[in-house]
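Each residue of the sequence shown is one higher than the one before, starting from 1 at the first, in UniProt numbering.
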Amino acid sequence: MHTFNEESAESDEFFPEFANLQSKSVFYFIDTVEDSFDMDAPDFHLAVVSALEPLVVYRSVLEKGFGDSLLLPDSDKFDCGMCVHALDVDFDGENELLLGTYGQELIVYKFNARELSVKEPDTERDELNVTESSQSSSRHSNSGLTDGDFHLLWQRNFADPLLAVDGVDVTGDGLQEIVVLSLRGLHVLQHDLKDVAQQCVDRMKQLILEEQQSQQEDIFKQLLSENLSS
């Protein structure tokens, strides 16, 4: 959003189109992109921090609205939540949720995905039970539309309430450190470089193994096609 305040006549020299304005005005500039190619719409999730209730994650809000929600367990046991940030802290390619609380706790949650299985009711009694269950569920239900849940990965205590948390590459090594702002200072949590190095080695071994398997499959297909042609 860009703002322009019409306060003096001197601004008429630079903005003549605003010369007739008699009061402060706010102008909104919205950039649009032509949809000239096929691209999947991004999937947005909304994390809501409350002073009275646990942290709630609404999944796929553009598609499902607020109908698919997940509670983060024990997120309301350390005073009110002050900040939340999504960051991949264990280098598995999936973001974890970092919650900073006024109770001086940094809590990290990980999402456990599972296949969603829906059992079709066989009898009229089963259909009645399903209807009663859906009507008695709470507004922050952890079942039904969801295909996973959050669990506590780790947490750390600080000396003061936490105000903000972010992921920033402070050391310039390509890894995002966890930067935490408290009432009395800035804290930087760095990853264990030995663990990071071991994960890099394991990933490289996995990539080499996949490449070798792909080459073997290509050789097998080539030999098979040659035998069929002969």
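Positions of the beta carbon are idealized from the N, C-alpha and C atoms, including for glycine. All values derive from a computational prediction rather than experimental measurement.
Exercise for the section: Starting from the C-beta of V165, find all residues in its chain whose C-beta is less than 6 Å away, skip the five residues before and the five after it, and write them out in chain order. Expected result: Same-chain partners within the cutoff: C83, H85, L98, G100, V180.
Practice task
Express the C-alpha separation of I219 and H45 in angstroms, rounding to a whole number.
Solution key: 44 Å
Problem - Cβ distance (whole Å) where D74 is taken to contact L152 below 8 Å - result: 7 Å
Practice task
Work out the CA separation of Q206 and D88 for me, nearest whole Å.
Solution key: 20 Å
Problem - Range covered by the alpha helix (DSSP H) that runs through L62 - result: 61-64
Practice task
Give me the Cα-Cα distance between L62 and V48, rounded to the nearest whole angstrom.
Solution key: 15 Å
Practice task
Rank A159, L72, I178 by C-alpha distance to the C-alpha of D90 and give the top, closest one.
Solution key: Minimum Cα distance to D90 is reached at I178.
Problem - Helix, strand or coil at K110 [DSSP, three-state] - result: strand
Exercise for the section: Run through the region 186-227 for me and flag every whole beta strand (DSSP E) of 3 or more residues, listed as ranges in chain order. Expected result: 186-189
Exercise for the section: Determine the direct distance from the alpha carbon of L175 to that of H191, and round the result to whole angstroms. Expected result: 8 Å
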